[in-house]
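Residue numbers (our numbering), protein chains in the order written: chain A, 533 to 941; chain B, 16 to 520. Heads up, the beta-carbon is just placed ideally off N, CA and C, and yes, glycines get one too. Here is the structure we will look at, set down as structure tokens.
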Amino acid sequence: MTRRTLTEKLAILADAAKYDASCASSGGQRRDSRDGKGLGSSGGTGICHAYAPDGRCISLLKILLTNVCIYDCAYCINRVSSGVERARFTVDEVVRLTVEFYRRNYIEGLFLSSGIVRSPDDTMSEMVRIARTLRERENFRGYIHLKTIPDAAPELIEEAGLLADRLSINVELPTDSGLARLAPEKSPRTIRKAMADVRLRREESREPSHTGRRPARFAPAGQSTQMIVGADAASDATILGQSATLYSGYGLSRVYYSAFSPIPDASRLLPPERPPLLREHRLYQADWLMRFYGFDAAEIAPEGGMLDLALDPKTAWALAHRAAFPVDPNRAPREVLLRVPGFGTRTVDRILAARRHRSLRFEDLAAMGAVMRRARAFVTLPGWSPRGLLEGEALKARLMPAPQQLSLF
Amino acid sequence: MREIVLPRVGSVAEWRRQVRGLLAAGVPPDRVIWRMGQAAPDLFAEAAPPDLATPDAGSAPPAPLRLGREAVAVLESAMHHSDPDRFALGHALVARLAAGRLVWGDRSDPPMRRLLAMDKAVRRDVHKMHAFVRFRELPADGPRRRFAAWFEPSQNSLEPAAPFFARRFGDMDWVIATPGLTARCVGGTLDIGETQAPPPRGIAADPGGRAPLPDRPPAPDAAEDLWRTYYASIFNPARPMPRAMQAEMPKKYWKNLPEAALIPGLLRQAEDRSRAMRKAQPRDPSPRIEAAMRNRRLPERDLPPDGAAPDLDTLARQIRTCTRCALHCHATQAVCGEGPHDAEMLIVGEQPGDQEDLQGRPFVGPAGQLFDRIAGEAGLDRRRVWVTNAVKHFKFTPRGKRRIHQRPDAGEVQACNWWLMQEVRLIRPRLIVAMGATAAQALTGDGRGILKRRGGLERPDGGAPVLVTLHPSALLRQPDPAAAAAQEAGFRDDLARAAGFVAAG
């Protein structure tokens, strides 16, 4: 490898890291440096310090330790058969970049990932060394997210979990067969086993105290994963089913969906197409419905089915279940209100709080934060009845966003 | 009319103190004019001391004021808004809350809604300040490094925003200057005062090379160039979404963000870069890499041999890679049986549960713990038997953060029977205990009528005798305590009988 400047390395290794969508820096242990002996704080809501022109937030210094990799995952810019420029940071370089960026308030912390050099253990122990240097030598109390290498030794994962706020292991593709085809070195069994281990360790480290549950010391901000959308033929129903399985089995904080986007020097196995950004967006909406609105994966996307790109999944569900509407916000229970299009969780909480001491009128709903353009056909209360609005094809047309809003380019 | 002048520093705390006094004195809000004063609180005190001692004649008696913690936080936050009417609005709302004429948070009340909107705007502005302040390093002569930043908030956000920086940057000295106020944190002590120097026109226009003033950021340093490199490299040109970016990073902040100058250029080149990536022909890897790839270690190469297993260790390796039915796609791992290889008794349950699936060992979850207890009471030592399941993968439906157990169907039991029969063949137990319908079906071909059959010995196909009993999870699911106790006793008897059968030799 040619000798490169720090700037050149940063350019190559940030470019190589950008296909990982995760950027969260919230939650976990509360720490600060008011004692004057260290640098950094964490544990509140995360902060997005900048936004790239692709609309993604920049919260963490997201880099690879190296983009040299012995694996050949077809969707990955860093696979061994790709012709991209290669580079490798030293431990000190990553530590220095993190601390200097942090001191200038550019970032919340570090998100470190890596190609697999030599062996999974070699790579993982180098990553752990960076986290340890940051914590012990630099007294760094900001956020650290380590991408875990599933095949690495359990002792290394154990140490990683004690140093980092979050661990993540990417499932990469929604089906085992997709993974076998596109990422032949990765084993879905090993990945799931590693996620199970993180969950068990987190539960062990959360010893109950007299004050009740306390945050885990092992990966206190939890674990997350990522699935690539559009690189294989998996349907939305398959993807959401896989997410539901992962959320229920491993206590994940988040599943990230990454629209497969063309990469420099792409593999023949993959479609050279624009990334399916709208599909990615609908999957995130559906994911939210599963986690905060009480929907099941199968309700949102029927077996083998795809989400409607023209409509958000909640509105699409309501249109397909018109018999369940209209709903009376003065009477309906929380779980029914959560299914009304245009009502968010905050709106529902406000409705429930307000109706305890008075009866709500139609005009009040907008003040509670409801999006009335979507909600009006699905509610009935003093001052309003949807009458014929709920029936007929016209409703769907009315709920569609204006065509130009669909174009994200 | 009474005029109250608030200090520029600490104005909200002073407003709160004054409102408390005004309410106690019964001064109606419409008789007060609020104004921001010149400088320090002591100046203000001379200007207009409110006469709190003498209540206005004819006013209502002072009502005791109690507000929830959230209400106080929202009021204080909203008072940092830039709207000149904020103090009067807040005062009027507090008066109505105190008199019981308004419920906190009632969004049908327009002034309340306005206050909540102000609070939201201030919280957003404070959050953006936490995000978008950019420090530059100043020369330092002591051990603590020194940094300075210039920021232009939209609301009066410096005071509510500053403590965050003190918590975060504990080991350095820093100053954040805004057009109105400047926050300084030296040696861990946070101090807020009025900005002294004429404000510069933002970082971008700041002439470099001049000796930095305390209230003025210095020239950019090398880290800023690295940061710009990072910003340009982390952007994915295949998915430009400038509107999404601007919704979160509005243009009004751009002039003080060192990376923002890159945005127009990045967007201009994005489509060309993206098209080039899509059009590029896939290349073949170099011969050196081709050779390296031929020697890769693929997971399939670790597969154990096919066919009947010669011993229990090979069998375990085979079971771990089982794909005989679709259950393997969702479960974490296949759970093999465990115990001494020369066990005289084989105990078969239904399938691994949530904990077994995570840990990879049979009978470790709630049902397994219940089994251990009752087996102990029945004189059956778990360490001397082989425990396994009829089906080796966990079958479940996801429900939120939990996995709900599902009974395996006949096809899955059939597919897994291949493994169970090999366990029977390799261990050659003198007795098999089938717990529950699934195990009974796998071992005797019939899973019906467990309650009638329990406790009896069956001899299918002339092999080892099978003792059918309940599954311990059935005891856990039994809602009626009396029935549960009776079933537990029956289960204990069955296990005791099994233990006795083996001991009798």
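Beta-carbon within less than 6 Å of residue i's beta-carbon, same chain only, minus the 5 sequence neighbours each way: which residues are those?
i	result
B:L522	Only positions 16 to 520 of chain B appear in this structure, which leaves residue 522 of chain B out of reach.
B:A72	With a pLDDT of only 44 at B:A72, under 50, the local geometry of the prediction cannot be trusted, and the value read off the model is given with reservation. So the list is empty, once near-sequence residues are dropped.
B:H106	V34, P44
B:H408	L342, H343, A346, A349
A:I579	E640
B:V379	Q370, E371
B:R50	V20
A:P794	P804
B:R332	P319
Based on the DSSP secondary-structure assignment, which residues constitute the bridge partners of residue i?
i	result
A:Q755	A:L699
B:C21	Contrary to the premise, residue 21 of chain B reads as Leu rather than Cys in this sequence. Partner(s): B:M51.
A:K594	A:F643
A:K679	A:S700
B:M187	B:R160
B:G322	DSSP, once it has assigned bridges, lists no residue as partnering B:G322.
B:V517	Note: B:V517 sits in no beta bridge, so no partner.
B:W401	B:L361
A:S780	According to DSSP, which records beta bridges pairwise, A:S780 is partnered with nothing at all.
Which of the three DSSP states, helix, strand or coil, is assigned to residue i?
i	result
B:D98	coil
B:T193	coil
A:L892	coil
B:R298	coil
A:L802	coil
B:H15	Because chain B spans 16 through 520 in this model, residue 15 of chain B falls outside it and cannot be assessed.
A:F621	coil
A:P652	helix
B:L272	coil
A:G710	helix
A:E687	helix
A:L870	coil
B:E209	strand
A:I531	The structure shown does not extend to residue 531 of chain A, since chain A is modelled only from 533 through 941, so no value can be given for it.
A:S790	strand
B:C431	helix
B:E61	Per-residue confidence for B:E61 stands at a pLDDT of 42, beneath the threshold of 50, marking its modelled position as unreliable; no derived number is given.
B:C344	helix
Note down, in chain order, each residue of its chain lying with its Cβ closer than 7 Å to the Cβ of residue i, except the 5 sequence neighbours on either side.
i	result
B:A514	A393, G394, L395
A:M838	S767, D768
A:S614	D797
B:F411	R418, I419, H420, Q421
A:S700	S554, H677, K679, T680, Q755, S756, T757
A:P720	D708, L711
A:V903	G874
What does residue i reach in chain E if we use C-beta pairs closer than 7 Å?
i	result
B:L373	Of the protein chains in the structure, A and B, none is chain E.
Which residues in the same chain as residue i place their Cβ atom closer than 8 Å to its Cβ, once the five residues preceding and following it in sequence are excluded?
i	result
B:P284	The amino acid at residue 284 of chain B is misidentified as Pro; the sequence shows Gln. Closer than 8 Å at the Cβ level, and outside the excluded window around B:Q284, lie P252.
A:Y779	V787, M822, R823
B:T459	A449, E473, P475, V481, V483
Under 8 Å from any heavy atom of the ligand ATP, does the C-beta of residue i make it?
i	result
A:L784	Among the ligands in the structure shown, none appear at all, so the ligand ATP cannot be discussed.
Subject >> Residues of the region 126 to 153 of chain B with Cβ closer than 9 Å to any Cβ of chain A, in chain order >> reply: Within the region 126 to 153 of chain B, the residues whose Cβ lies closer than 9 Å to some Cβ of chain A are R128, H142, H145, A146, F147, V148, R149, F150, R151, E152, listed in chain order.
Subject >> Chain-ordered residues of the region 182 to 206 of chain B with a beta carbon less than 8 Å from chain A >> reply: Hits within the stretch, in order: R182, R183, F184, G185, D186, M187, G202, G203.
Original post:
Between the region 892 to 907 of chain A and chain B, which residues of the former have CB atoms less than 7 Å from a CB of the latter, in chain order?
Top reply: D896, A899, M900
**OP:** Taking only runs that begin and end inside the region 816 to 865 of chain A, name each unbroken alpha helix (DSSP H) of 4 or more residues, in chain order.
**Re:** 829 to 832, 845 to 852
Original post:
Where in the region 534 to 584 of chain A do unbroken runs of the alpha helix (DSSP H), each at least 4 residues long, occur, reported from the N-terminal end onward?
Top reply: 538 to 547
Original post:
Got a sec: which bits of the region 243 to 264 of chain B sit with their beta carbon under 9 Å from any beta carbon on chain A, in order along the chain?
Top reply: Answer set for the region 243 to 264 of chain B: T244, Y245, Y246, A247, S248, I249, F250, N251, P252, A253, R254, P255, M256, P257, R258, A259, M260, Q261, A262, E263, M264.
Original post:
Of the residues that make up the region 338 to 370 of chain B, which ones have a beta carbon closer than 7 Å to any beta carbon in chain A?
Top reply: Taking 7 Å as the Cβ-Cβ cut-off against chain A, the residues of the region 338 to 370 of chain B that qualify are C344, H345, T347, Q348.
Original post:
In the region 577 to 589 of chain A, which residues sit with their C-beta less than 9 Å from some C-beta in chain B, listed in chain order?
Top reply: T577, I579, C580, H581, A582, Y583, A584, P585, D586, G587, R588, C589
Original post:
At what residue ranges does the region 139 to 166 of chain B contain a whole run of the beta strand (DSSP E), taking only runs of 3 or more?
Top reply: For the region 139 to 166 of chain B, whole beta strand (DSSP E) runs of length 3 or above, ordered along the chain, are 151 to 153, 160 to 165.
Subject >> Members of the region 618 to 645 of chain A that neighbour chain B once the beta carbon cut-off is set at 8 Å >> reply: L629, E632, F633, R635, R636, N637, Y638
Original post:
In chain order, what residues of the region 699 to 711 of chain A put their CB closer than 7 Å to some CB of chain B?
Top reply: If the cut-off is 7 Å between Cβ atoms, the region 699 to 711 of chain A has D708 near chain B.
Original post:
Using Cβ-Cβ distances below 7 Å, what residues of the region 400 to 428 of chain B are close to chain A?
Top reply: P413, R414, G415, K416, R417, R418
Subject >> Interfacial residues, the region 270 to 296 of chain B to chain A, with Cβ spacing under 8 Å >> reply: L272, E274, I278, L281, L282, A285, S289, M292, R293, K294, A295
Original post:
Listed in chain order, which residues of the region 872 to 890 of chain A have Cβ atoms closer than 9 Å to some Cβ of chain B?
Top reply: R882, A885, A886, H889, R890
Original post:
For the region 456 to 480 of chain B, which segments carrying the alpha helix (DSSP H) assignment without a break, of at least 4 residues, lie completely within its bounds, in sequence order?
Top reply: 465 to 468
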